[in-house]
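Count along the sequence shown from 1, add 2, and you get the number used in this note's numbering.
Glycine included, each C-beta is placed from N, C-alpha and C at the ideal position.
Small disclaimer: the values here were computed from a predicted structure and weren't measured.
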Amino acid sequence: ILFGAFLETSGLGRFTVEFARAVAGSKRGGPAKVSIVSSALIGTTSGSSVANVMVDGVFNIPLMKATGFRPAVACAIEAMNSSGGQIVPPVMGAGAFLMAEILGLPYWQVALAAVIPALMYYSAAYWMIDLYAAKMGLVGIPRDQLPSIRKLLLDKGYLFIPFGVLIYDLMVLQMSPFRSAAWAILVLLILSLFRAETRLGPKKIYSTLAVGAKSSIEIVATCAAAGIILGVIAQTGLGIKAALIIFSYSKGILLLALVFTMLIAVILGMGLPTTAAYAISASVLAPGLIKMGVEPLAAHLFIFYFACLSPLTPPMAVAAYAAAAIGKANFWDVGWLSVKFALAGFVVPYMFVYGPAMILKGAPWEIALALVTGLIGTLTLSAAVQGYFLGLVGNALRGVLLIISLLLLKPGWITDLIGLALLIGVVLLQVKTKRASLASAATRAQGT
3 ILFGAFLETS GLGRFTVEFA RAVAGSKRGG PAKVSIVSSA LIGTTSGSSV ANVMVDGVFN
63 IPLMKATGFR PAVACAIEAM NSSGGQIVPP VMGAGAFLMA EILGLPYWQV ALAAVIPALM
123 YYSAAYWMID LYAAKMGLVG IPRDQLPSIR KLLLDKGYLF IPFGVLIYDL MVLQMSPFRS
183 AAWAILVLLI LSLFRAETRL GPKKIYSTLA VGAKSSIEIV ATCAAAGIIL GVIAQTGLGI
243 KAALIIFSYS KGILLLALVF TMLIAVILGM GLPTTAAYAI SASVLAPGLI KMGVEPLAAH
303 LFIFYFACLS PLTPPMAVAA YAAAAIGKAN FWDVGWLSVK FALAGFVVPY MFVYGPAMIL
363 KGAPWEIALA LVTGLIGTLT LSAAVQGYFL GLVGNALRGV LLIISLLLLK PGWITDLIGL
423 ALLIGVVLLQ VKTKRASLAS AATRAQGT
């Protein structure tokens with residue numbers, strides 16, 4: 003939390019948005035793709051979907067609206083991207099540290115396990131935006147109106163160095179999170195001295211320490227409350243009873259148990275900060291899933307993901323509400339569109355429960371296969387939702403694409419082969435339809 007506060011004081015928020023604009027701004031639907039990069043970078047340290055929207059959305063939402071995105075769509079995309087920031091390693095908004103503590107695992111194992119699911123989430127976000135932009139005929143920002151990547155990196159690229167230090171200390175040297183963050187902060191303080199506009203003097207350092215301390219109170223209170231809840235659960239046997247209730251109502255069917263767990267995690271997350279929602283849900287619900295044979299890390303990540311996605315979910319979609327306020331859009335439209343655009347986020351957790359290769363549990367070839375086919379699956383899922391692939395797609399073909407996406411997202415070579423075979427068929431059909439359409443247009447042009 004303190005590391006995030008120092009990054010924000012040093013100007014990371016503004017730099018991140020400018021960097022994202024330089025990288026993705028000229029692409030089809032560019033301003034919305036800018037939001038992916040900036041939200042992922044800011045959200046991993048902020049730990050708050052609403053804070054991410056407020057920092058990131060004030061730049062990105064007006065840009066999206068200016069390039070042709072409807073206000074509600076622009077706000078929904080920002081809410082989707084900002085809510086996903088907390089599932090991005092290495093920091094994951096402090097929730098990963100709590101998860102590592104509960105599971106008794108090194109932090110780096112939790113962070114590595116979250117890499118592929120986070121990649122799936124933002125891959126799907128990219129394709130949702132890209133296919134929507136293609137369907138609506140939206141274009142990016144002209145390159146001459148965007149900042150230069152080279153100039154940005156020369157001016158403020160050093161702000162990425164503390165991230166590198168943090169990751170190196172956590173993953174390679176395997177230091178504790180506290181020591182890793184302390185070294186990263188020290189490096190940031192030294193680097194900030196080289197430029198007047200980013201220099202952190204005594205006053206800024208003092209105010210940043212105060213912000214970090216105040217922000218940590220929420221986490222301290224959450225951990226204290228979670229400890230009390232865990233103690234009560236252990237003494238009364240409530241955890242076993244809750245597990246038995248889930249097991250009983252699901253009739254031993256894992257899919258039903260996962261759906262019940264998802265609903266409870268989302269409902270708790272509507273009124274609580276993400277870390278608090280995860281801590282309470284994990285203490286009550288995770289034992290039930292583990293008893294049904296779910297890998298412990300997968301069970302906890304499953305709960306954490308839905309706690310992160312709850313700010314998107316009506317009726318209390320706080321991230322969507324914040325985005326709607328910035329973009330002056332209807333709150334309900336933004337909330338339901340957020341769920342539609344973030345649909346992959348509601349599907350991927352089921353896939354890594356059924357296929358632990360997605361969280362790096364398995365042979366290297368299984369992990370590689372899950373990654374490649376999963377990424378293709380996010381494309382077909384986005385095409386099914388948006389009704390656009392190589393061209394406009396009818397309802398019947400959208401249904402086929404949805405089935406293909408589920409087959410590809412579920413790890414396993416049999417489902418992958420079936421999904422890829424169906425996908426080849428869809429591609430050939432779309433190419434044939436497109437060629438017929440072009441030939442028909444050429445014939446009409448010759449006739450006139």
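Rounded Cβ spacing between residue i and residue j (contact assumed at less than 8 Å)
i      : j      : result
Ile89  : Pro108 : Not confirmed; about 19 Å, so no contact.
Phe8   : Leu193 : That pair is no contact at about 11 Å.
Pro275 : Phe308 : Actually they are not in contact, since the Cβ atoms of Pro275 and Phe308 sit about 14 Å apart, beyond 8 Å.
Gly421 : Leu409 : 3 Å
Thr375 : Asp418 : 5 Å
Ile104 : Ala284 : 6 Å
Trp338 : Pro316 : 6 Å
Among the options, nearest to residue i - alpha-carbon criterion
i      : options                        : result
Leu154 : Ala81, Phe17, Ile207           : Phe17
Arg30  : Ala74, Tyr128, Glu10           : Tyr128
Leu299 : Arg197, Ala259, Gly106, Glu80  : Gly106
Met66  : Val174, Leu256, Ala76          : Ala76
Ile426 : Leu399, Leu440, Ile266         : Leu399
Ala267 : Ala68, Phe348, Gly139          : Phe348
Gly32  : Leu43, Ser182, Thr69           : Thr69
Ala226 : Val286, Leu100, Ala116         : Leu100
Ile328 : Val117, Asp58, Ser252          : Asp58
Asp157 : Leu260, Phe21, Gln388          : Phe21
Val261 : Leu287, Ala281, Ser439, Thr276 : Leu287
Ala24  : Ala116, Asp146, Ser285         : Asp146
Val296 : Ala259, Val112, Pro275, Pro313 : Ala259
Thr380 : Ile104, Gly87, Met82, Ser125   : Ser125
Phe71  : Ala223, Ile131, Trp338         : Ile131
Ser519 : Leu404, Met294, Phe391         : Because the chain here runs from 3 to 450, residue 519 falls outside it and cannot be looked at.
Ala184 : Pro313, Ala223, Leu195, Phe165 : Phe165
Met56  : Val428, Ser150, Ala326         : Ala326
Gly401 : Ile416, Val428, Trp415, Ile378 : Val428
Leu392 : Ala441, Lys436, Ile416, Leu404 : Lys436
Pro159 : Phe196, Gln237, Trp367         : Rather than Pro, the amino acid found at residue 159 in this sequence is Gly. Closest by alpha carbon: Phe196.
Gly414 : Gln111, Trp367, Ser252         : Trp367
Within 8 Å, strictly: CB atoms of residue i and residue j
i      : j      : result
Leu311 : Ala279 : no
Ser41  : Leu161 : no
Ile361 : Leu424 : no
Ile406 : Ser217 : no
Ala370 : Gly357 : no
Ile255 : Gly290 : no
Asn62  : Ser85  : no
Thr263 : Ile292 : no
Ala178 : Leu168 : With the sequence shown as reference, residue 178 is identified as Ser, and Ala is not the correct amino acid for it. Against a cut-off of 8 Å, the Cβ pair of Leu168 and Ser178 comes out as no contact.
Tyr134 : Gln388 : yes
Val52  : Ala324 : yes
Pro73  : Ala331 : yes
Ser384 : Met82  : no
Ala78  : Ala322 : yes
Met318 : Lys412 : no
Met94  : Ala113 : yes
Gly493 : Asn54  : Lying outside 3 to 450, the shown extent of the chain, residue 493 is not represented and no answer is given.
Tyr123 : Ala346 : yes
Ala136 : Tyr390 : yes
Leu265 : Ile282 : no
Where residue i sits in the DSSP three-state scheme
i      : result
Leu258 : helix
Leu484 : Absent from the model: residue 484. The displayed extent of the chain is 3 to 450, so no value can be given.
Gly295 : coil
Asn54  : helix
Lys253 : coil
Lys363 : coil
Pro2   : Lying outside 3 to 450, the shown extent of the chain, residue 2 is not represented and no answer is given.
Ala116 : coil
Ala74  : helix
Thr315 : coil
Leu424 : helix
Gly32  : helix
Met353 : helix
Gly214 : helix
Lys67  : helix
Lys412 : coil
Phe5   : helix
Val387 : helix
Val141 : coil
Ser439 : helix
Ser407 : helix
Met177 : coil
Gly13  : coil
Within-8 Å CB hit, residue i to chain B
i      : result
Gly357 : Included in the structure is just one protein chain, with no chain B present.
Could you tell me which whole alpha helix (DSSP H) segments of length 4 or greater appear in the segment 321-347?
As far as the segment 321-347 is concerned, its whole alpha helix (DSSP H) runs of at least 4 residues are 333-343.
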